[in-house]
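Reminder that position 82 of the sequence shown reads as 133 in this note's numbering, one-by-one numbering, no gaps.
Idealized CB from N, CA, C, for every residue including glycine.
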Amino acid sequence: MAQDLSSTEKWQCPTCQLIWMVALTFSEKNQRCCPYCKTEGKNFSQALHILRKMSWLREIYGDARRAVALLDVVDWREQIVVWLCPRCRQAYAASLLQRLQGKSCQFCQNQSQQD
52 MAQDLSSTEK WQCPTCQLIW MVALTFSEKN QRCCPYCKTE GKNFSQALHI LRKMSWLREI
112 YGDARRAVAL LDVVDWREQI VVWLCPRCRQ AYAASLLQRL QGKSCQFCQN QSQQD
């Protein structure tokens, strides 16, 4: 059965109380795991790997290796990172947690709202 990624809902983690947009799939409904809680105590590189977001490394604006080296030693959860949108190539700022919660390129969001 194909997964419909267009169907999402807000879900609040009972442990940390953060709100996430999650896909409405059978497995998600039965085995939800908060990305914040799932990466507790992990560094940035480990978190990207655990969350299966390694492709996001290509979206870090500038020298991604230097950025990751820095993010691995600071509190990366709230650290603002400059990302480069793969669709429109505009730079925007967001923390990893904001991206996981659905924040994306404001330019693309504004364009889709105008269409």
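- Between Val73 and Cys85, the alpha-carbon positions lie close to 10 Å from each other.
- Inter-residue distance for Gly92 and Gln157 is about 30 Å (C-alpha atoms, whole angstroms).
- The beta carbon of Val119 sits closer than 8 Å to those of Phe95, Ser96, Leu108, Ile111, all from its chain and outside the five residues before and after it, given in chain order.
- No residue range can be given for Lys104, since it is assigned to no alpha helix (DSSP H) and is classified by DSSP as neither H nor E.
- Within the same chain, Cys156, Cys159 come within 8 Å of Arg138 by CB-CB distance, once the 5 residues on both sides are set aside.
- Taking every protein chain shown into account, the CB of Leu121 has fewer than 16 other CB atoms within 10 angstroms, so this residue is exposed.
- Assignment of beta-bridge partners to Gln149 by DSSP yields no partner.
- Burial is judged here by how many other beta carbons sit within 10 angstroms of a residue's own beta carbon; Val132 has at least 16 and is buried.
- Distance from the Cα of Asp114 is smallest, within the candidate group Arg103, Glu129, Trp134, for Trp134.
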